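Colleague: Got a structure here, written out as structure tokens. Questions coming.
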Amino acid sequence: MSSKVREKGVIVAIDGPSGAGKSTITKLLAQRLGYIHLDTGAMFRAVALMASQRGIAVDDDAALAALCSTLEISFLREGVGARVLVNGEDVSSAIRTEEISLLTSAISARKPVRAALLAMQRQMAREGGVILEGRDIGTVVFPDAEVKFFLTASAEERGKRRFLELAARGEEVTLEDTIAKVISRDSQDEARECAPLRQADDALAVDSTRLSIDEVLNLMEETVRERIAGEKR
Ligand code: DC
Numbered sequence: 094m095s096s097k098v099r100e101k102g103v104i105v106a107i108d109g110p111s112g113a114g115k116s117t118i119t120k121l122l123a124q125r126l127g128y129i130h131l132d133t134g135a136m137f138r139a140v141a142l143m144a145s146q147r148g149i150a151v152d153d154d155a156a157l158a159a160l161c162s163t164l165e166i167s168f169l170r171e172g173v174g175a176r177v178l179v180n181g182e183d184v185s186s187a188i189r190t191e192e193i194s195l196l197t198s199a200i201s202a203r204k205p206v207r208a209a210l211l212a213m214q215r216q217m218a219r220e221g222g223v224i225l226e227g228r229d230i231g232t233v234v235f236p237d238a239e240v241k242f243f244l245t246a247s248a249e250e251r252g253k254r255r256f257l258e259l260a261a262r263g264e265e266v267t268l269e270d271t272i273a274k275v276i277s278r279d280s281q282d283e284a285r286e287c288a289p290l291r292q293a294d295d296a297l298a299v300d301s302t303r304l305s306i307d308e309v310l311n312l313m314e315e316t317v318r319e320r321i322a323g324e325k326r
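When we follow my numbering, the leftmost residue of the sequence shown carries the number 94, and every step to the right adds one.
Below you can see the structure in the form of structure tokens.
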């Protein structure tokens with residue numbers, strides 16, 4: 094499929110491990126392009142939060158499938174970002190704790206959860222003009238996305254960024270422990286059988302370890318605009 098048949102523009106996939114700067118970059122890139130930003134990690138986090146609130150075990154696939162069928166996940170645009178709503182309830186803060194991060198990594202490996210969210214993501218982005226950030230967007234959700242990026246940074250750098258974020262929120266964490274958690278989450282995401290974290294063959298790899306946000310943004314914006322211009326030709 095190309096943007097010639099998508100109504101509102103191309104689909105941009107931004108995949109990569111946690112802490113590589115995906116959320117920040119995706120939000121700002123969406124703003125520059127006038128595109129919608131779809132944070133698929135927030136959707137998995139929302140499922141994990143609901144499963145935890147309802148006491149559903151991580152390996153109870155039947156209960157997870159039933160849970161997913163009752164959830165309506167939506168985004169309420171707010172400035173550059175968005176609030177995350179589940180069945181109308183704002184869960185934006187509740188989904189960002191360390192506990193939910195770890196649970197999400199486990200729950201996102203379950204087939205029924207991936208199947209349910211895959212369908213939701215395709216439906217939400219079907220018209221194009223969307224930037225999706227996640228782990229399997231370019232490989233599984235939209236293998237036909239017109240532009241694909243794989244954004245990385247060293248584990249140390251990603252751990253440091255996460256540590257500063259958590260410390261700013263007043264969470265009591267150490268740098269060493271935060272780096273260790275980043276590495277452990279990476280290996281869970283890469284090793285899982287279903288839709289593991291992997292760079293698509295046709296994705297452009299961007300290493301943000303030594304690049305500023307603006308440098309990454311400029312590079313990506315240029316790439317997307319070239320592609321959009323190419324589609325129109
Ligand atoms: O991007 P994030 O840190 O908010 O993602 C939370 C978790 O969800 C992370 O462990 C990986 C998982 N995830 C996934 O498996 N597939 C996606 N498309 C997005 C996130």
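All residues carry an ideal CB built from backbone N, CA and C; glycine is no exception. Owing to the predicted nature of the structure, the values given are computational and were not obtained by experimental measurement.
Whose C-beta lies closer than 6 Å to the C-beta of Asn-180 among residues of the same chain, with five residues either side of it excluded?
Modeller: For the purposes of this step, residue 180 is taken as residue 87 along the sequence shown, with counting starting at 1. Result list for Asn-180: Glu-165, in chain order.
Colleague: Quick check on this structure: which residue in Leu-290, Phe-256, Arg-138 and Leu-225 has the alpha carbon closest to the alpha carbon of Thr-267?
Modeller: As a position in the sequence shown, residue 267 is number 174, starting the count at 1. Minimum Cα distance to Thr-267 is reached at Phe-256.
Colleague: Can you list, in chain order, the residues of its chain with a C-beta nearer than 8 Å to that of Val-299? Leave out the 5 residues immediately preceding and following it.
Modeller: Position 206 of the sequence shown, counted from the first residue, corresponds to residue 299. Result list for Val-299: Phe-242, Phe-243, Leu-244, Thr-245, Val-309, Leu-312 and Met-313, in chain order.
Colleague: So, Ala-155 versus Ala-238, is the Cβ gap smaller than 8 Å?
Modeller: In the sequence shown, the residue the question calls residue 155 occupies position 62. In the sequence shown, the residue the question calls residue 238 occupies position 145. Their beta carbons are not under 8 Å apart, which means Ala-155 does not touch Ala-238 by this criterion.
Colleague: Assuming Asp-108 is part of the beta strand (DSSP E), what are its boundary residues?
Modeller: Along the sequence shown, read from residue 1 onward, the residue named residue 108 stands at position 15. Residues 104-108.
Colleague: Relative to the alpha-carbon of Gly-172, which residue among Ile-129, Arg-262 and Arg-318 has its alpha-carbon at the smallest distance?
Modeller: Taking the first residue of the sequence shown as position 1, residue 172 is located at position 79. Taking only the C-alpha atoms, the option nearest Gly-172 is Ile-129.
Colleague: So which of Phe-137, Leu-225, Ile-272 and Leu-169 has the shortest CA-CA distance to Leu-131?
Modeller: Working through the sequence shown from its first residue, we reach residue 131 at position 38. Among Phe-137, Leu-225, Ile-272 and Leu-169, the Cα nearest to that of Leu-131 is on Leu-225.
Colleague: Would Ala-288 be called buried (16 or more neighbouring beta carbons within 10 Å of its own) or exposed?
Modeller: As a working mapping, residue 288 is identified with position 195 in the sequence shown. Ala-288 should be labelled buried.
Colleague: Using the three-state DSSP reduction, which class does Gly-134 fall into: helix, strand or coil?
Modeller: Stepping through the sequence shown from its first residue, residue 134 is reached at position 41. Here Gly-134 carries a helix assignment [DSSP, helix/strand/coil].
Colleague: Just the Cα atoms here: how many angstroms apart are Ser-301 and Ala-113?
Modeller: Taking the first residue of the sequence shown as position 1, residue 301 is located at position 208. Taking the first residue of the sequence shown as position 1, residue 113 is located at position 20. Straight-line Cα distance between these residues: approximately 7 Å.
Colleague: Within a Cβ cutoff of 6 Å, which residues of the same chain sit near Thr-119, ignoring the five residues on either side of it in sequence?
Modeller: The residue labelled residue 119 in the question sits at position 26 within the sequence shown. If we look at Thr-119 and ignore the five residues flanking it on each side, its Cβ neighbours are Ile-107, His-130, Ile-224 and Glu-226.
Colleague: Buried or exposed: where does Ile-327 fall if 16 or more other Cβ atoms within 10 Å of its Cβ makes it buried?
Modeller: In the structure displayed, the chain extends from 94 to 326; residue 327 sits before or after that span and is not available.
Colleague: Please classify Asp-270: does DSSP put it in a helix, a strand, or coil?
Modeller: Locating residue 270 in the sequence shown gives position 177, counting from the first residue. Correct three-state label for Asp-270: helix.
Colleague: Give every residue of the same chain whose Cβ lies closer than 8 Å to the Cβ of Ile-77, excluding the five residues on either side of it in the sequence, and list them in chain order.
Modeller: Because the chain spans 94 through 326 in this model, residue 77 falls outside it and cannot be assessed.
Colleague: Tell me the start and end of each unbroken alpha helix (DSSP H) in the region 239-265 that is at least 4 residues and wholly inside, in chain order.
Modeller: 248-261
Colleague: Nearest CA to the CA of Val-221: which residue from Asp-229, Arg-189, Phe-235 and Leu-210?
Modeller: As a first step, residue 221 is located in the sequence shown; it is residue number 128 there, counting from the start. It is Gly, not Val, that sits at residue 221 in the sequence shown. Of all alpha-carbon atoms in Asp-229, Arg-189, Phe-235 and Leu-210, the one lying nearest the alpha-carbon of Gly-221 is that of Phe-235.
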